[in-house]
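Taken in order, these protein sequences are the chains called A and B.
Under our numbering, the first residue of the first sequence is numbered 1, with each subsequent residue one higher.
Under our numbering, the first residue of the second sequence is numbered 1001, with each subsequent residue one higher.
Below is one structure, written out as structure tokens; the observations come after it.
There are 2 protein chains.
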Amino acid sequence: MRSHYCGQLNKSLAGQTVELCGWVNRRRDLGGLIFIDMRDREGIVQVVVDPDMAQAHEVASQLRNEFCIKLTGEVRVRPDSQVNKDMTTGEVEVICKDLEIINRADVLPLDFNQTNTEEQRLKYRYLDLRRPEMSDRIKLRAKASSYVRRFLDDNGFLDIETPVLTKATPEGARDYLVPSRVQKGSFYALPQSPQLFKQLLMMSGFDRYYQIVKCFRDEDLRADRQPEFTQIDIETSFMSADQVRAKTEEMVHGMWKDLLNVDLGQFPTMPFSEAIRRFGSDKPDLRNPLELVDVADILKDVEFKVFAGPANDEKGRVAVIRVPGGAKLTRKQIDGYAEFVGIYGAKGLAWMKVNDRAAGMEGIQSPVAKFLNEEVINGILERTGAESGDIILFGADKANVVAEAMGALRLKVGIDLEITDLSAWKPLWVVDFPMFEEDGEGNLHAMHHPFTSPLGITAQQLKENPAAANSNAYDMVINGYEVGGGSVRIHNAEMQAAVFDILGIDAQEQQLKFGFLLEALKYGTPPHAGLAFGLDRLVMLLCGTENIRDVIAFPKTTTASCLLTDAPSLANPAALEELAIAVKVAKKDSE
Amino acid sequence: MRSHYCGQLNKSLAGQTVELCGWVNRRRDLGGLIFIDMRDREGIVQVVVDPDMAQAHEVASQLRNEFCIKLTGEVRVRPDSQVNKDMTTGEVEVICKDLEIINRADVLPLDFNQTNTEEQRLKYRYLDLRRPEMSDRIKLRAKASSYVRRFLDDNGFLDIETPVLTKATPEGARDYLVPSRVQKGSFYALPQSPQLFKQLLMMSGFDRYYQIVKCFRDEDLRADRQPEFTQIDIETSFMSADQVRAKTEEMVHGMWKDLLNVDLGQFPTMPFSEAIRRFGSDKPDLRNPLELVDVADILKDVEFKVFAGPANDEKGRVAVIRVPGGAKLTRKQIDGYAEFVGIYGAKGLAWMKVNDRAAGMEGIQSPVAKFLNEEVINGILERTGAESGDIILFGADKANVVAEAMGALRLKVGIDLEITDLSAWKPLWVVDFPMFEEDGEGNLHAMHHPFTSPLGITAQQLKENPAAANSNAYDMVINGYEVGGGSVRIHNAEMQAAVFDILGIDAQEQQLKFGFLLEALKYGTPPHAGLAFGLDRLVMLLCGTENIRDVIAFPKTTTASCLLTDAPSLANPAALEELAIAVKVAKKDSE
Chain A
1 MRSHYCGQLN KSLAGQTVEL CGWVNRRRDL GGLIFIDMRD REGIVQVVVD
51 PDMAQAHEVA SQLRNEFCIK LTGEVRVRPD SQVNKDMTTG EVEVICKDLE
101 IINRADVLPL DFNQTNTEEQ RLKYRYLDLR RPEMSDRIKL RAKASSYVRR
151 FLDDNGFLDI ETPVLTKATP EGARDYLVPS RVQKGSFYAL PQSPQLFKQL
201 LMMSGFDRYY QIVKCFRDED LRADRQPEFT QIDIETSFMS ADQVRAKTEE
251 MVHGMWKDLL NVDLGQFPTM PFSEAIRRFG SDKPDLRNPL ELVDVADILK
301 DVEFKVFAGP ANDEKGRVAV IRVPGGAKLT RKQIDGYAEF VGIYGAKGLA
351 WMKVNDRAAG MEGIQSPVAK FLNEEVINGI LERTGAESGD IILFGADKAN
401 VVAEAMGALR LKVGIDLEIT DLSAWKPLWV VDFPMFEEDG EGNLHAMHHP
451 FTSPLGITAQ QLKENPAAAN SNAYDMVING YEVGGGSVRI HNAEMQAAVF
501 DILGIDAQEQ QLKFGFLLEA LKYGTPPHAG LAFGLDRLVM LLCGTENIRD
551 VIAFPKTTTA SCLLTDAPSL ANPAALEELA IAVKVAKKDS E
Chain B
1001 MRSHYCGQLN KSLAGQTVEL CGWVNRRRDL GGLIFIDMRD REGIVQVVVD
1051 PDMAQAHEVA SQLRNEFCIK LTGEVRVRPD SQVNKDMTTG EVEVICKDLE
1101 IINRADVLPL DFNQTNTEEQ RLKYRYLDLR RPEMSDRIKL RAKASSYVRR
1151 FLDDNGFLDI ETPVLTKATP EGARDYLVPS RVQKGSFYAL PQSPQLFKQL
1201 LMMSGFDRYY QIVKCFRDED LRADRQPEFT QIDIETSFMS ADQVRAKTEE
1251 MVHGMWKDLL NVDLGQFPTM PFSEAIRRFG SDKPDLRNPL ELVDVADILK
1301 DVEFKVFAGP ANDEKGRVAV IRVPGGAKLT RKQIDGYAEF VGIYGAKGLA
1351 WMKVNDRAAG MEGIQSPVAK FLNEEVINGI LERTGAESGD IILFGADKAN
1401 VVAEAMGALR LKVGIDLEIT DLSAWKPLWV VDFPMFEEDG EGNLHAMHHP
1451 FTSPLGITAQ QLKENPAAAN SNAYDMVING YEVGGGSVRI HNAEMQAAVF
1501 DILGIDAQEQ QLKFGFLLEA LKYGTPPHAG LAFGLDRLVM LLCGTENIRD
1551 VIAFPKTTTA SCLLTDAPSL ANPAALEELA IAVKVAKKDS E
């Protein structure tokens, strides 16, 4: 029905007759001349309806915002004085010859010129998606998917679909369950990832697999989580961790180049331990130059127990952050930061302003200075390279509390004081993760997942000292977001059984849950490794938004509801009867 | 770890050293020389291990089938006498220099040289997929998906994901339900198709949408159905039915050309009524030249009630199929066909052999000839163009029974007598479907779905005579398989409400189930139309298999079980508690 998209019109089409279909973005009536800003998915163009075109003018006078219309007109170059530099089509306009209303619109429940509540926007999602800001994100997402597929296709990866109705797997989060009608009392689980299936595909010899696939986690949702999310899932055989990283880095590098014309450069590699030490996080935002600096050795002999305690505790840590220009922070701001680190379990926030580095102790302003002698203070100043006008912020506690609190504080201060370069792109690989985490009660949990291979040791060595083992896992981090993670997998049954043993999964449970995997490992399993990217997160970064709902066409709220369709909803009792399940009376408390 | 895939080796690499990774397909020990057929995803190559290479020979002597190995060797052109024309790599072999066992294999539970039960194959799917016949199908599927995506990307279609956790919709089949933990007592439904979401995307102005997406139907399964299946889902705005058909025909045409190097030609278009009349089916297999020929007018005055009854009944039909060369059918074969049509409700199968067309009534052999006079018989012979050696098979019953029974018989006879050209490709479009079907109790049901636009009439006209209305729907049929179907959708609220009324969906139910759609139709909805292809079926056709499980990596059985992972399975009682649902004691009968 159309010859061009509105957004495609330009000077080269001057004099041509075009047919357009789209929506009335705005209508203005200027002394007889009617101007229509007409919108379709590619953009907006100005249409002029002259009173001389009586029929078209009569129709145009009925138009209201968001009417769906079709028109025929001639492209005309605007006089220089009327060129609109804010519109991509601003050099031209369309002189309307014929105009037809395809469908009328009531007054919209959303006002595109104002800020609407997110609840309203989600309820009328189909209208919110008409806003160019929103539709551009969905279009960029489509381009990102398309880029990824072409890259992987061209690199010999096979797109293979894995089941959605599957068996519960132990990714750590809760599964969504689906009752079976045929086998009453039994349930499918929606996959948290296609992990085991992709490993089985390697055992089948497919060599290079990928899938862009929905995964599901029934978790309590945070701002950047959705119950269903999309993974770029990749697995390869006979490739080392280095090779997998190089290939997937090439892919992400190409995405940024292709979609944003940004060169991400080569991604540095950083061991997990270094990331925690320098940035207090396993997904450091390297746009922020602030670092944690360890000073336990300097403070271990002071009498001030707040510092000396953790400094002398094997599980403790004392670290400072030097904030250039931070001496200008007010007492109120510092109190705010003290409260902030409290969220992460820190009991307070000691600080030291360096008002005048040349003035010695006179130039130091700090509530804790009186507990420290000059040598100690000089030691800290020297190690951090502090200069006049800086502030030094102290973290002293259990090592994990210091890392989390100071890591978060680093990010916050970096943004607040405009130290973080928000226009930069800082990707990196984090590697050499510990194989297991201790849960505080002496139990070990897999840090990645139980199919991850340890790095450079035998099953016997792993059993002897599991806590010391590193895994051959890797995360890709961009600007502080973990956008992807993966590992070399275990490809022999003995190692797999050793890991299950360490995790306290007994033989019976191993058989019940992973019998097919242990069986499969017996038949010439190739070495294999892979990785999964969070597509939603990648697209968030590409779009420059921090709201995951902005990059999903029909997202759910933090209570996992769809405000548009009103899902979830009550089920038909007959359907439940057929499934042989009953709803138990809901408890008052949300439990 | 490899320099080449086994299947890629050819004469151009002669003299080169290659590194290969893969599996032992077969090992033969011929007087010291060990021959290994080594396999990877691209094919098989012969490796020769000479006793002179002592280390490699020692390793090679340990090899058993399906060991995973890595080797270095030199490509050598085979002497002419030893070229193996059955292998794509049969002109070369690899002289092994170095050989390493990566992983050993127990004796396989499947024997690749024998036929295994499908149950065994599904349980050890990862091994069954190692068979080139199987892996080729999965690879062809990946190529088909990739082709479709490139075509649609290049034609301006946007890949947009729609939710999996959604609200029950009325596609006709049972929904899979997913209990919500957050909103206890409420359920999501897995989508039977993204129908309403794709329509909403058109209302948002995305103009051209596609998605290759899993859909779900909790139906009793037949051989060619799976509980989860994959749809190529397409929707467009401002395009006519003709344009949608032309564009998607171009896509399928390109798939066959690209993947099979087959030119499907231009697809003919056939009205539903013609398809039923000539072939007794709305998905006619045009590889089969047999047709149903109506003869009610000839038979309406005969005394034989079996014919005259339906011939004079408005809802009856009398049709024959002339089978060239069918006079050779034995009595037993004909009895078999009579039994076969009984499955479709036919009460018998009258037949007439034309042993000698020149001999008049003498040349006719038929149990029913005695009930018919010469004029009637000649009328039938003339209309069908029967010749000596043919048989004429009769269907006389309610019109739908005749269509189903004779339509099925046509297919069966076509195969049995090798009349159907199994090497041919016969695509077509079936169009002009009735808008509604009557269920025998006076209720009308949507033949396509309730969002389908009627063809060329107003809402008022539709209400006045719904049974007479045709819809603007279309199916793509290839070789008797419905591979895709779609329609122009309703884009105004009045028409949509009229259809809901006719279907007996009252205002309250409309609001509850489709309130958001009716609301959305108020805001300048564009005309839109779309289509969905069954990817599994398309790939079945491309692969030349009739078993849908052959084209799915991890399929389910007809009881919707995964024999590999043993899904569905019992749920953790704590998980059910959290979901506030209880399993009711399973009844003895499967109900």
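Glycine included, each C-beta is placed from N, C-alpha and C at the ideal position.
Here the structure is a predicted model, which means the values were calculated and not measured.
Beta-carbon separation of Cys1068 of chain B and Ile1102 of chain B under 8 Å?
The sequence position of residue 1068 of chain B within the second sequence is 68, counting from 1. The sequence position of residue 1102 of chain B within the second sequence is 102, counting from 1. A contact, by the Cβ cut-off of 8 Å.
Residue-chain proximity (Leu1009 of chain B, chain A), Cβ-Cβ < 8 Å:
Sequence index remark: in the second sequence, residue 1009 of chain B carries index 9 (1-based). With 8 Å as the cut-off, Leu1009 of chain B does not count as an interface residue toward chain A.
Return the residue from the list B:Leu1393, B:Ile1234, B:Met1447 that minimises the CA-CA distance to Val1413 of chain B.
In the second sequence, residue 1413 of chain B corresponds to position 413, counting from 1. Among B:Leu1393, B:Ile1234, B:Met1447, the Cα nearest to that of Val1413 of chain B is on B:Leu1393.
Could you tell me which whole alpha helix (DSSP H) segments of length 4 or greater appear in the segment 1261–1294 of chain B?
1272–1279
How is Asn1400 of chain B classed by DSSP in three states: helix, strand or coil?
Position 400 of the second sequence holds residue 1400 of chain B. Asn1400 of chain B: helix per DSSP, three-state reduction.
Under a three-way DSSP split, which group does Ala424 of chain A fall into?
As a first step, residue 424 of chain A is located in the first sequence; it is residue number 424 there, counting from the start. Coil at Ala424 of chain A, not helix or strand.
Would you mind telling me which residues of chain A sit closer than 7 Å to Asn1261 of chain B, beta carbon to beta carbon, in chain order?
Counting from one through the second sequence, the residue named residue 1261 of chain B turns up at place 261. Here the premise fails: no neighbours, minimum Cβ distance about 20 Å.
Quick check: the Cα distance between Gly1280 of chain B and Gly1530 of chain B, rounded to an integer number of angstroms?
The residue given as residue 1280 of chain B occupies position 280 in the second sequence. The residue given as residue 1530 of chain B occupies position 530 in the second sequence. If I take the Cα positions, the gap works out to 26 Å.
Below-8 Å beta-carbon distance, Trp429 of chain A vs any chain B residue:
Position 429 of the first sequence holds residue 429 of chain A. Trp429 of chain A does not count as touching chain B.
Does the CB of Asp1153 of chain B have a neighbour CB from chain A at under 8 Å?
For the purposes of this step, residue 1153 of chain B is taken as residue 153 along the second sequence, with counting starting at 1. Yes, Asp1153 of chain B counts as interfacial toward chain A.
Would Asp1159 of chain B pass as an interface residue toward chain A - the criterion being a Cβ-Cβ separation below 8 Å?
Start at 1 with the first residue of the second sequence, and residue 1159 of chain B comes out as number 159. Yes, its Cβ sits closer than 8 Å to a Cβ of chain A.
Nearest neighbour of Ala498 of chain A, chosen from A:Pro450, A:Leu535, A:Tyr474 [CA to CA]
Taking the first sequence and counting its residues from 1, one reaches residue 498 of chain A at position 498. Closest by alpha carbon: A:Pro450.
For Cys989 of chain B, which residues in chain A fall below 9 Å Cβ to Cβ?
Beyond the ends of chain B as shown, which are 1001 and 1591, falls residue 989 of chain B; an answer cannot be given.
CA-to-CA distance, Gln496 of chain A to Gly1031 of chain B, given in whole angstroms
To locate residue 1031 of chain B, count along the second sequence from 1; it is residue 31. To locate residue 496 of chain A, count along the first sequence from 1; it is residue 496. Rounded to whole angstroms, Gly1031 of chain B to Gln496 of chain A spans 40 Å at the Cα level.
May I ask you to verify whether the segment 422–432 of chain A touches the segment 260–277 of chain A, counting CB pairs closer than 8 Å and requiring at least 3?
yes
Which of helix, strand or coil DSSP assigns to Ser1193 of chain B:
Taking the first residue of the second sequence as 1, we reach residue 1193 of chain B at position 193. The answer is coil: DSSP assigns Ser1193 of chain B none of H, G, I, E or B.
Name the chain B residues whose beta carbon is nearer than 8 Å to that of Gly205 of chain A?
Here residue 205 of chain A refers to the residue found at position 205 of the first sequence. In chain order: Gly1022, Trp1023, Arg1039, Asp1040, Arg1041, Leu1129, Arg1130, Ser1135.
When we look at the beta-carbon of Ile1391 of chain B and count the other beta-carbons within 10 Å, is it buried (16 or more) or exposed?
Counted from its first residue, the second sequence places residue 1391 of chain B at position 391. Per the 10 Å Cβ criterion, buried.
Within chain B, the residues that Phe238 of chain A reaches when beta carbons sit closer than 8 Å
The residue you call residue 238 of chain A lines up with position 238 of the first sequence. Near Phe238 of chain A (Cβ distances below 8 Å), the residues of chain B are Met1001, Arg1002, Cys1021, Lys1070.
Where in the segment 1077–1148 of chain B do unbroken runs of the alpha helix (DSSP H), each at least 4 residues long, occur, reported from the N-terminal end onward?
1118–1123, 1125–1128
Distance cutoff 8 Å, beta carbons only. Does Ser944 of chain B sit that close to anything in chain A?
What is shown of chain B runs 1001 to 1591, which leaves residue 944 of chain B out entirely.
If distances are taken between C-alpha atoms only, which option among A:Ala446, A:Leu165, A:Ala296 comes closest to Ile377 of chain A?
Taking the first residue of the first sequence as 1, we reach residue 377 of chain A at position 377. The residue with the shortest Cα to Cα distance from Ile377 of chain A is A:Ala296.
Name the residue from A:Leu177, A:Thr330, A:Ala350 whose alpha carbon lies nearest to the alpha carbon of Ala338 of chain A.
In the first sequence, residue 338 of chain A corresponds to position 338, counting from 1. With distances taken between Cα atoms, Ala338 of chain A lies closest to A:Ala350.
First through last residue of the beta strand (DSSP E) which encompasses Tyr1337 of chain B:
Here residue 1337 of chain B is taken as the residue at index 337 of the second sequence, counted from 1. Segment 1331–1342 is the alpha helix (DSSP H) holding Tyr1337 of chain B; no beta strand (DSSP E) there.
Rounded to whole angstroms, what's the CA-CA distance from Ser61 of chain A to Val47 of chain A? Just pull it up for me.
One-based indexing of the first sequence puts residue 61 of chain A at position 61. One-based indexing of the first sequence puts residue 47 of chain A at position 47. Cα to Cα, Ser61 of chain A sits roughly 13 Å from Val47 of chain A.
What do you get for Leu570 of chain A, buried or exposed, if any count of 16 or more other CB atoms within 10 angstroms of its CB means buried?
Your numbering for residue 570 of chain A matches position 570 in the first sequence. Looking at its Cβ environment, which holds fewer than 16 other Cβ atoms inside 10 Å, Leu570 of chain A is exposed.
Decide if Gln1016 of chain B is buried, meaning its Cβ has at least 16 other Cβ atoms within 10 Å, or exposed.
Looking up residue 1016 of chain B in the second sequence gives position 16. By the 10 Å Cβ count, Gln1016 of chain B comes out exposed.
Beta-carbon gap between Lys1198 of chain B and Val1092 of chain B smaller than 8 Å
Translated into the one-based positions of the second sequence, residue 1198 of chain B becomes position 198. Translated into the one-based positions of the second sequence, residue 1092 of chain B becomes position 92. Not closer than 8 Å, so no.
Does any residue of chain B bring its CB to less than 8 Å from the CB of Asn547 of chain A?
As a position in the first sequence, residue 547 of chain A is number 547, starting the count at 1. Not one chain B Cβ lies under 8 Å of Asn547 of chain A.
Can you list, in chain order, the residues of the segment 1396–1428 of chain B whose Cβ is nearer than 8 Å to any Cβ on chain A?
none
Do Val1402 of chain B and Arg1278 of chain B have their CB atoms nearer than 8 Å?
Locating residue 1402 of chain B in the second sequence gives position 402, counting from the first residue. Locating residue 1278 of chain B in the second sequence gives position 278, counting from the first residue. Against a cut-off of 8 Å, the Cβ pair of Arg1278 of chain B and Val1402 of chain B comes out as no contact.
Do the CB positions of Leu221 of chain A and Gly326 of chain A come within less than 8 Å of each other?
Along the first sequence, read from residue 1 onward, the residue named residue 221 of chain A stands at position 221. Along the first sequence, read from residue 1 onward, the residue named residue 326 of chain A stands at position 326. In this structure, Gly326 of chain A does not lie closer than 8 Å to Leu221 of chain A by Cβ.
Using a Cβ-Cβ cutoff of less than 7 Å, which residues in the same chain neighbour Leu201 of chain A once the five nearest sequence positions on both sides are dropped?
The sequence position of residue 201 of chain A within the first sequence is 201, counting from 1. Excluding sequence neighbours, Leu201 of chain A sits near Ile160, Tyr209, Glu235.
Specify whether the segment 1458–1467 of chain B and the segment 1297–1304 of chain B touch according to this definition: at least 3 beta carbon pairs, one from each stretch, less than 8 Å apart.
no
For a test of the three-state rule: what should DSSP assign to Pro466 of chain A, helix, strand or coil?
As a first step, residue 466 of chain A must be located in the first sequence, where it is residue number 466. Three-state DSSP puts Pro466 of chain A in a helix.
For Gly395 of chain A, name the three-state secondary structure that DSSP assigns.
Mapped onto the first sequence, residue 395 of chain A falls at position 395. Residue state, collapsed to three classes: strand.
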